[in-house]
Every structure is written in structure tokens, then in C-alpha cells.
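Participant:
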Amino acid sequence: MKTITIFNNKGGVGKTTYMFHVAHLLARKNKTVLMVDCDSQCNLTAYAMRDEAIEKAWNEDGNSIYRVIELVYRGIGDIRKTRPTPLSEHLYIVPGDLFLSNYEDKLGDSWNSAKGGSEPDLRVQSAIYRYIKWVASEINADVVMIDLGPNLGALNRAVLSSSDYFIVPVAPDLFSIKGTENLGSKLVTWQREWQQCNNAWAGDNLDLPQGKPIFAGYVIQQHNPRNNAAGMTKGWQIFGDQLENAMQQNIIGKLSSSQIISWADGSYNLGKIPNLHSLIPYSLNARKPVFDCNNADGLTGAHITTAKKSVDHFNAMVERLLELIN
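Residue numbers for the sequence shown follow full-length UniProt numbering, beginning at 1 and rising by one.
Here it is in C-alpha cells:
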């Protein structure tokens, strides 16, 4: 089982849309996929589930990510071993929860003591990691895909640092490029501090992450496409041409070689997903991928053809991910 986190500390780059679509396609390849919504804004959950199902997940006996770690947050127990919500034969989700943001303070307050080897605080830091390992085993998941909010706070430190791989969705704009600047440095710091945690822990009954996620590449999104070498308008291309250098300087150049994947073609660009414009609201409303939307979901005319063909944007990325999973 592999854990892949989808992350950029700049918001609005389409990371949830990317993950939702790729997860569906992996499931259609007969891979068992577990999506985990660790963004307290719950965009992935709203995309995948109806309101009544979300409310059920948020109940006291529900299976949202907050309910999973609630007893750890309250200091009266450990993780709840609840099963995820099935979406299809091979696709599951651990629903997000607005209350997960409360856990951020707990993680921040306990970090220094965790680095000193305090078991209660190490249990706080590793709770989500330990639950994901358990639940992935329960459903025999081939891959876990985790959605995170756009920040470099304590929650994302705990989750991103415990992943096997991470992918950075970016838009070809200045703000998205700037959003990568702190990420590499943060990952270096987090890895060093997780090593402190592991060195300080003297017990043998607590599974802790190593804090060394591997950079698997980036995905360019939300540009306006054109039939040229860059695949985008000249305006978007101004920043699109800067993305590879930004990744090299801000992430690859700062991480150790053991935290950088080695693709056969040497490229870290996993693909491009153009701006799908008005197709996204139809997809959100139907709670299914764009390429599955049709006239029953309100599409008409050329929109139906465009929606169906949108699967082509994701196929090459799915093949790359299959290499990681296999």
C-alpha cells in the first residue's frame, strides 16, 4: 500500500479536483483506492458525498476524520477504528470534518514534548498516520490519497510528513510558484524533527512515521489550452515556463536524493489539466467526475463531447501513479 498526499500551500490550484478524478480512474483499473479528506474545508467530501451522508459521518458515532481522532484530541483515549464510506466497488472515502481544525492546536501544543519522547504527545502526532495504516489494511487498499488544506501548519506537518509520496498541483501563475518556496525548506525541517521523535522514543508499541515523503512530481492545472508546443496560451506560458525551475530550486534542490523520485524520462511534470470552466459546477452538483457527466446532469450539445473527452487529460497521470502503486 502506498500513501500519496496532494498538496500545495497556495490554495485554489485545483488539487481536490485532480485527486477526485484520478482516484476514480485508479479505481476503474481495479485498484482499491482510499481517499482521506484532511482539509477542514471539506471540499473533497462535498464533492464525493450527499449532504445527508455527510451529516451521518459527522454524528457522534460517525466515521469522519475528526471522529476518528476525537478521543485523542480530548485526551481520553486513542483512535477510533471506524471503517470508511464506500463510494463504489473499489473507491472509499474517510469524510472530512469542520472540527478537524481544532486538532491543529493540539498538534502544535504537543510537538516539542513529542520531540522529547513523550508517549501521550507522540500518540497525538501519529494518530492520523496510525489510523490510515489501520483502515487501509482493513479494506486492502492499494493506494491512499490524502487531500490537505493550503497551509504549512501542524496538521499538514503530521499528515504530509507521514506519507510515502506527495504531488504538487500548480497553476501557471506567480502565486502558485511562490507557494512552493517554503515547502522544500519545511520538509527538510520536519524530517529532522521527526527523526528527533523517533530517536527519543524508547518504546516498541507505537508506530511512528519517518517524516520522509518522496516528491513524485507536479501537475499543471487551470490554464487555457492552445494547440502549440506548450499546450497553453502565451499569457499562461509566461509562468508555465518557470514552473520546472521553481520545482528544481524550491523542492528538489532542498530535499535529499532519497526524497526525490527518479522517473525514467527525468521529468517531474506529470501532466497538464486545462481549465474545464463550466463543466466543473455540473460535476460538483452531480458528485461525479467531469468525464462521467452527460445530459442527465444538465449538459447539452458540445459540452457532452468535451466532458467525455476530458478523461484524456488524466490518463497519462494515472499511468504514472500506477507505476508508484505497483
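Each residue gets a CB set at the ideal place from its N, CA and C atoms; glycine is no exception.
Rounding to the nearest angstrom, what Cα-Cα distance links K2 and Y165 in this structure?
Facilitator: Taking the first residue of the sequence shown as position 1, residue 2 is located at position 2. Taking the first residue of the sequence shown as position 1, residue 165 is located at position 165. Using only the alpha carbons, I get a separation of about 8 Å.
Participant: I280 to G149, Cα distance in whole Å?
Facilitator: What you label residue 280 is simply residue 280 of the sequence shown in a count that begins at 1. What you label residue 149 is simply residue 149 of the sequence shown in a count that begins at 1. Cα to Cα, the separation comes out at about 20 Å.
Participant: Are L25 and M35 close, meaning C-beta to C-beta below 9 Å?
Facilitator: Walking along the sequence shown from the start, residue 25 turns up at place 25. Walking along the sequence shown from the start, residue 35 turns up at place 35. No, these two residues do not count as a Cβ contact at 9 Å.
Participant: Under 8 Å: do the region 197 to 206 and the region 249 to 256 share three or more Cβ pairs, one atom per stretch?
Facilitator: No, the region 197 to 206 does not touch the region 249 to 256.
Participant: Could you tell me whether the region 127 to 136 touches the region 174 to 185, using the rule of 3 or more Cβ pairs below 8 Å?
Facilitator: No: fewer than three Cβ pairs fall under 8 Å.
Participant: Checking 9 Å against the spacing of the C-beta atoms, do K212 and S258 come in under that value?
Facilitator: The residue you call residue 212 lines up with position 212 of the sequence shown. The residue you call residue 258 lines up with position 258 of the sequence shown. The answer is yes: Cβ separation under 9 Å.
Participant: Using the C-alpha atoms, what's the distance from V124 back to Q196?
Facilitator: For the purposes of this step, residue 196 is taken as residue 196 along the sequence shown, with counting starting at 1. For the purposes of this step, residue 124 is taken as residue 124 along the sequence shown, with counting starting at 1. So the alpha carbons of these two residues sit roughly 16 Å apart.
Participant: With three or more beta-carbon pairs closer than 8 Å as the criterion, would you say the region 46 to 59 touches the region 150 to 164?
Facilitator: Segments in contact, no.
Participant: With A286 and C293 assumed to form a contact (beta carbons below 8 Å), what rounded beta-carbon distance in angstroms separates them?
Facilitator: As a position in the sequence shown, residue 286 is number 286, starting the count at 1. As a position in the sequence shown, residue 293 is number 293, starting the count at 1. So it is a contact: roughly 6 Å between Cβ atoms.
Participant: For the beta strand (DSSP E) containing I252, name the first residue and the last one.
Facilitator: Within the sequence shown, the letter at position 252 stands for residue 252. Premise fails: I252 is in no beta strand (DSSP E) and is neither H nor E.
Participant: I need the straight-line Cα distance from residue 400 to T5, nearest angstrom please.
Facilitator: Outside the displayed range of the chain (1 to 326) lies residue 400, so it cannot be described from this structure.
Participant: If you run the structure through DSSP and keep just helix, strand and coil, what is K308?
Facilitator: Within the sequence shown, residue 308 is the residue found at index 308, counting from 1. Correct three-state label for K308: helix.
Participant: In angstroms with no decimal places, state the Cα-to-Cα distance between T305 and L299.
Facilitator: In the sequence shown, the residue the question calls residue 305 occupies position 305. In the sequence shown, the residue the question calls residue 299 occupies position 299. Going by the C-alpha atoms only, they are around 9 Å apart.
Participant: Hey, could you find the ends of the beta strand (DSSP E) I146 is sitting in?
Facilitator: Along the sequence shown, read from residue 1 onward, the residue named residue 146 stands at position 146. Unbroken beta strand (DSSP E) run through I146: 143 to 148.
Participant: CB-CB under 7 Å to T32, same chain, minus the five flanking residues each way: which ones, in chain order?
Facilitator: The count along the sequence shown starts at 1 and reaches residue 32 at position 32. The answer, listed in chain order, is H90, I139, N140, A141, D142.
Participant: Between G271 and S118, what straight-line distance do the alpha-carbon atoms span, to the nearest angstrom?
Facilitator: Position 271 of the sequence shown, counted from the first residue, corresponds to residue 271. Position 118 of the sequence shown, counted from the first residue, corresponds to residue 118. Their Cα atoms are separated by approximately 43 Å.
Participant: What residue range does the beta strand (DSSP E) around C38 cover?
Facilitator: Taking the first residue of the sequence shown as position 1, residue 38 is located at position 38. Run containing C38: 33 to 38, per the beta strand (DSSP E) assignment.
Participant: Thinking C-alpha only, which one of P274, I146, G217 is nearest I93?
Facilitator: Along the sequence shown, one-based indexing puts residue 93 at 93. Of the listed residues, the one whose Cα sits closest to I93 is I146.
Participant: According to DSSP, simplified to helix, strand and coil, what is K178?
Facilitator: One-based indexing of the sequence shown puts residue 178 at position 178. In this structure, K178 counts as helix in the three-state DSSP scheme.
Participant: In whole angstroms, give me the CA-to-CA distance for S113 and A127.
Facilitator: Along the sequence shown, read from residue 1 onward, the residue named residue 113 stands at position 113. Along the sequence shown, read from residue 1 onward, the residue named residue 127 stands at position 127. C-alpha separation (whole angstroms): 15 Å.
Participant: Going by C-alpha to C-alpha distance, which of Y129, D265, V318, P274 sits closest to L206?
Facilitator: Indexing the sequence shown from 1 puts residue 206 at position 206. Of the candidates Y129, D265, V318, P274, the one whose C-alpha sits nearest the C-alpha of L206 is Y129.
Participant: So which of W111, E244, A216 has the shortest CA-CA distance to I261?
Facilitator: Here residue 261 refers to the residue found at position 261 when the sequence shown is read from its first residue. Looking at the Cα atoms, A216 is the closest of the given residues.
Participant: Just verifying my parser: in three-state terms, what is the DSSP assignment at T3?
Facilitator: For the purposes of this step, residue 3 is taken as the residue at position 3 of the sequence shown. Correct three-state label for T3: strand.
Participant: Determine whether the beta carbon atoms of V188 and K254 lie at a separation below 9 Å.
Facilitator: Position 188 of the sequence shown holds residue 188. Position 254 of the sequence shown holds residue 254. Their beta carbons are under 9 Å apart, which means V188 touches K254 by this criterion.
Participant: Short of 7 Å in beta carbon distance, which residues of its chain neighbour K106, apart from the five on each side in sequence? Order them along the chain.
Facilitator: Translated into positions along the sequence shown, residue 106 becomes position 106. Once the five neighbours on either side are set aside, the close Cβ partners of K106 are Y73, V124.
Participant: On the DSSP bridge assignment, give the partners of G217 in chain order.
Facilitator: Here residue 217 is taken as the residue at index 217 of the sequence shown, counted from 1. Beta-bridge pairing links G217 to I167.
Participant: Could you please give me the residues that DSSP links to Y73 through a beta bridge?
Facilitator: Taking the sequence shown and counting its residues from 1, one reaches residue 73 at position 73. Its beta-bridge partners do not exist; DSSP assigns none.
Participant: Buried or exposed: A264, going by 16 or more other Cβ atoms within 10 Å of its Cβ?
Facilitator: Counted from its first residue, the sequence shown places residue 264 at position 264. Exposed: under 16 other Cβ atoms inside 10 Å.
Participant: Of all the options P120, K29, V144, which has the alpha carbon lying nearest to the alpha carbon of G77?
Facilitator: Taking the sequence shown and counting its residues from 1, the one referred to as residue 77 is at position 77. Comparing Cα positions, the closest option is P120.
Participant: Can you check which of these residues, R320, C38, G96, is closest to K56 by C-alpha distance?
Facilitator: In the sequence shown, counting from the first residue as 1, residue 56 sits at position 56. Measuring from the Cα of K56, the nearest candidate turns out to be G96.
Participant: For the alpha helix (DSSP H) containing G108, list its first residue and its last residue.
Facilitator: If you number the sequence shown from 1, residue 108 lands on position 108. Element bounds for G108: 103 to 115.
Participant: Please classify Q221 as buried or exposed, where buried requires at least 16 neighbouring CB atoms within 10 angstroms.
Facilitator: By one-based count along the sequence shown, residue 221 stands at place 221. Its Cβ being crowded by 16 or more others within 10 Å, Q221 is buried.
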